[in-house]
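Quick note: to get the numbering used here, add 40 to the position in the sequence shown (first position is 1). Down below is the structure, laid out as structure tokens.
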Amino acid sequence: MSGLRTFAAALVVACAAMSQTVSTEILGLVTDPTGAVIPNAELSARRVATGDVRTTRTNETGNYIFPLLEVGEYEVTASAPGFRTEIRRGIVLQLNQKARIDFQLTVGQQAETVEVRGGAPLLDTEDATLGSVIEQKRISELPLNGRNFGQLATLMPGVVYGPTRMGIDGQQTIGTRAMPGQIVGVAANGQRDIAQNITLDGVVATDGFKSAMLFVPSLEAVEEFKIQSAVYTAEYGMNSGAQANVAIKSGTNQLRGTLFEFLRNDKLDARGFFLAPGAEKNRLRRNQFGGVVSGPIVRDKTFWLANYEGRREVRGTPARQAVPTLAMRNGDFSEFLQPRNRWYPADTNPTATRLIRYPGSAVPVPNNVIPRSLLHPVSLNLLTYKKTSPFPEGGFLPPPNFDEQARAANSPLNRVGTNDQVLNSDQYLGRFDHRFGDYDRVFARYVIVESLWVNDPLARVTKFTSDFRAQNIGLGYSRIFSPTIVNDLRFGLNRIRANQLAIQTNTDFTHRELGFDFRVVADGNRTLTPREEGLPNIVITGYTGIGSGNVTFNMNQTWEVADTVSINRGRHNFRFGGQWRGSPVDNEASNLPRGQLQFTRDIVGIPDAFAAFMLGFPLNANSAEGAPLAEIRQQKFGVFFLDDFKATPRLTINIGVRYDYYGVVTEPGGRIRNLSFATGEARVIDGRLVPMLVPDPYVKKALYDINTRQIMPRASIVYRLSNTTVLRIGAGQYYSPQQTNNFNILGLNPPFSGSTVYQNDRNRPIATIDNPFAGTPAAAGPQAIVMLGNLRADRGGRSFYLNNDTWQWTAEIQRSFGQNFVTAITYVGSASSNIDMTVSNWNNPDPGLGAVQDRRPVPFYVDSRAPNVRLALGTVRRLETWTSANYNALQMRAEKRYSRGLTFNASFNYQRNNSIGYGVNEGGPYGSNYTQDPRNRKADYGRSQIDQRFRFVFSHVYELPWFRNARGFRGLVLGGWAVNGIIQLTSGLPVTVGQTGDSHNTGPASAPRPHIVYGEKVQRVMPGRTIDRWFNTAAFVRSKCDGCAGEGIFLGPKGYGNAGVSLFDAPAHKTWDFALFKEFPIREGHRLQFRYEVFNFLNTPQFSAPDRMLGSATFGRISSTVINNREMQFGLKYSF
């Protein structure tokens, strides 16, 4: 509560002002011919597209400012008595830009006018924020696979794809939920992609789960897209990573529009590098189509914009399965008696190993044909049931369709087909802008995306549909109280709903109709709800199984209110405000919602799993878990104050401070629990401290303490060495909240997840498919627990969960050459602490002999429901916030603004990014899941999984000058061509070598590494490497504990491997995405554009990392690519 009171006091001081708006402004100094300032000069800024005019006057220091402007082209006029009026035209204001337009008025009559045409200066003269604007020209003209403009973020130095490359291929999922095209997750200047923040028209657009934007506005509807990558000012908070700001177009005084159609087809694509000769390519058909239209309702006052984009996509992946033959489905297993048959290719003694015997006896059934009377009716129902069956012949296990060919090849894979995916998506966007007189402006914008993803694998019975809806609302109100005081208020709502259903879900089907009954034992032995209904997971060893698709539900929302006040006083421009965000996240998931049956070859007398299925004897059964719902709630507040001080005409000093409060995450239904070592909760039993699982189920309680002192100073100095050279230096502190997913998985703790396992008697089976729980309940093994927070001895052992704390600093020199070309050399550094990390082996013992459970650091726990009953504690998945990272980079960039048909951008980045524990759970593709030694995690310090050491990117849009204005045949055929492209040259990501198995005897969730052989070298780039041997595989030998059996060697003190992390680079990537456009003028103001886009134009294989697990048969070998070989896309656009 103390933190909340602190926030409330700060909020009062801030006059209830709130932030995170789009602070785009024009400012400058007005002087006379001698350089003396002109106070009280009158200035106006007119937005050309809408006729909107803002007016102000210079203060006593000659400075003026137009704060909180919209992007677009402006005309700025300056006038004063005794001086000629000067008009600057063609000033194109970009997103979040602070454009300095200085005037030096000449003596004369005020009625005389001097006109100057020229764009806004490219130099950043007002603060030290590192960032880059991608204007509409590049958004719409550069080649983009899947039409995802988020890929353009990586054009700027220091910005790389997040390790999962989400969004890059236009087909994305979160878990198994389909997304119609999420924005690419980017890691900026050493900060992880989950620390990014994306706003749309100044309001929140990221989900509350993993900070991803789960919809992509149409390229034609986006005005500009800006990434701020480091040292942004105090008005930006709630994260420490990239600030991505997307501005949607507004209507203008002219009726304008664009219609488009884009096509992708696998027939146009190259074959994959590793695709076997004669093998079929994956099937792809994708159409993206739609349009955007805008115009005025009332000229110069009211405007509208409407946008629609549809996506129709079909994918198919060739697949093969092993399914029982028609004879087996009738109990005939005589084929097994043939020597070396396809089902038992290595077995040469059919009499001893493949005879099926009558249950409970040693008598074999004649000819291995099970009498019809012994076939279990439930099993027969599963093969013949018509209701909700995906097959015309009925049942839930498909028949073979490739049996003769498979038999001839001696292969059990006797069913062929495709795993099919169908995605239909529709996106609607509307925007309304209105001006009430000269002082009040409002806008309203609404986006809704509705998609249906159907995942229909070859097995068909596991088919599921995912119904996805994304909505984003943005409302804004700007009030000009005076020429020096402006207020901007924003409201936003971002809502995501993903609902995955199996084909039997929410129908009148119940699995009890088939003759068996699965119940949720952990929840009062209740029956399944209609939403949970479907077939249990039926595993049949050696064959395709049976089971309905999984059921999941996710509804996450972020509500936001934000406001900024701008006050200009003398040489100071003050901005203050803040924001509030509420983030309710509802998530439903489980591993076995309907339970599981497992049929194997282990029942005595039944040597085949499908024969056991037909007889109805499972080896074991799991009770159903159901689909429990966790409701995560969190509120965040932030306030800030910022002063842009014009110390001299050449020197600007920015001083700001921000306070953010991230509230404790709660679950209103009390369905999340934590393992507590706190005084008063943990117990001392037999002289040992035993933690307690708290609170009682369905009791709401704060499970951890938080930091309420998140005060973040930020400052920068910008000095104009000349009119063409600027020096910028800045530093600041940034806090980033931890991902909500960390709290959601606390719902996996007992009794909200897990199932009871029942084991059958192998010698005399008594449990059957219709009564699987007649077997013996398996002895309750050690319980796996999820634990959140760091333990603080100074707080009585309470869990303390911190937020990512980052300091950033930069120094940059910018130099402009003329009006349209700018270069920059930049140093960027950062140091981060309290980064969240998953330590799944936290309770694993050190390497050694003996039972793992007896050697665990914390072998027992108690439950708050029975605080004196000691329970066995197994694996603990610890979610901590202690990891650190550091980043240093040298960056260079050159940019030519669009003129004479050409714009280009070149960037180079050389970096060193080190951290502890950037593993797979945190998004790293080639690192360990967790640290090797949970009690010496500093040994895992090394290159981060986002350390792309070298990176060069060049992009261009070039309208060929030849015959551009020609008429007739020459203009139709030879004119109107454009050549555009993106070239990226990047070094490989670091790779950590692990080893298979548990030769340390530390139990599940271990992450052992091998030893490096004495005298062998492991080089970051091995000379002569090939895809068959990418690194020196002879340099590694298996590590093991002292005395443990098996191959490997022991090296003290504990036996952990001495190989470090991130030892060598994965393959570098070299891509060229190319586009060739031809425009056909239709009539004045109307044009048709034909587009040919090629991704990975040179068809260069972009290899993935090699197999990095010692003990694997393919250790050191590369067998896949990270992106596809050459792909083509055709498009048509009609614009007016």
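Quick reminder that beta carbons are idealized off the backbone N, C-alpha and C, glycines included.
For N464, the secondary structure class from DSSP, reduced to helix, strand or coil, is strand. Within the same chain, Cβ atoms closer than 8 Å to the Cβ of D987 are found at Q951, R952, N953, N954, L1029, P1030, S1102, the five residues on either side in sequence being excluded. Inter-residue distance for S84 and T96 is about 6 Å (C-alpha atoms, whole angstroms).
If you check the CB distance, F616 and F681 come in under 8 Å. Annotation for L733: R713, N714, L715, S716, N789, P790, I825, Y901, V902, D903, S904 place their beta carbon closer than 8 Å to its own, counting only its chain and skipping 5 residues before and after. In this structure, I875 sits away from S795, with a CB-CB distance that is not shorter than 8 Å. The shortest CA-to-CA distance from T273 to any of P897, S63, N534 is the one to S63. When only Cα atoms are considered, G645 and R360 end up about 30 Å apart. When secondary structure is reduced to three states using DSSP, D306 falls in the helix class.
One alpha carbon belongs to G434, the other to E1087, and they sit about 51 Å apart. When secondary structure is reduced to three states using DSSP, G171 falls in the strand class.
A direct Cα-to-Cα measurement between N1041 and G1083 gives close to 10 Å. A residue is called buried when at least 16 other Cβ atoms come within 10 angstroms of its Cβ; Q854 meets this threshold and is buried.
The three-state reading of DSSP puts I785 in helix, counting H, G and I together.
Per the DSSP secondary-structure output, N1072 pairs with nothing in a beta bridge. Here DSSP, grouped into helix, strand and coil, assigns V154 to strand.
D736 is classed as exposed because its beta carbon has fewer than 16 other beta carbons within 10 Å across all chains shown. DSSP places T96 in the uninterrupted beta strand (DSSP E) bounded by 92-97. Remark: C-beta atoms of S663 and F813 approach each other more closely than 8 Å. A direct Cα-to-Cα measurement between F483 and A1047 gives close to 53 Å.
Taking C-alpha positions only, F123 is separated from G1016 by approximately 45 Å. Cα atoms of L1128 and Y1174: separation of roughly 5 Å, rounded to the nearest angstrom. Between L303 and Q972, the C-beta spacing is not below 8 Å. L345 sits close to K289, with the two beta carbons spaced by under 8 Å. With respect to the 8 Å criterion, A448 and F504 are not classified as neighbours on the basis of their beta carbons. In this structure, I672 is the residue among D886, I672, A151 with its C-alpha nearest to the C-alpha of N781.
Separation of A722 and R838 (C-alpha to C-alpha, rounded to the nearest whole angstrom) is 10 Å. Sorting V243, G242, G225 by C-alpha distance to the C-alpha of Q236 places G225 at the top. A residue is called buried when at least 16 other Cβ atoms come within 10 angstroms of its Cβ; I806 does not meet this threshold and is exposed.
Exposure of R1010 is indicated by the presence of fewer than 16 other C-beta atoms within 10 angstroms of its C-beta. The secondary-structure analysis by DSSP pairs N285 across a beta bridge with T239, K266. The beta carbon of L1025 sits closer than 6 Å to the beta carbons of F992, K1110 from its chain, once the five residues preceding and following it are set aside; these are given in chain order. Beta-bridge annotation (DSSP): S606 is paired with V526, R615. In summary, G821 is exposed, with fewer than 16 beta-carbon neighbours lying within 10 Å of its beta-carbon over all protein chains present. Its Cα nearest to that of S872, the residue Q231 stands out among Q231, T125, F143, L195.
Runs of the beta strand (DSSP E) spanning 3 or more residues and lying entirely within the region 969-1046 occur at 981-983, 990-999, 1017-1026, in chain order.
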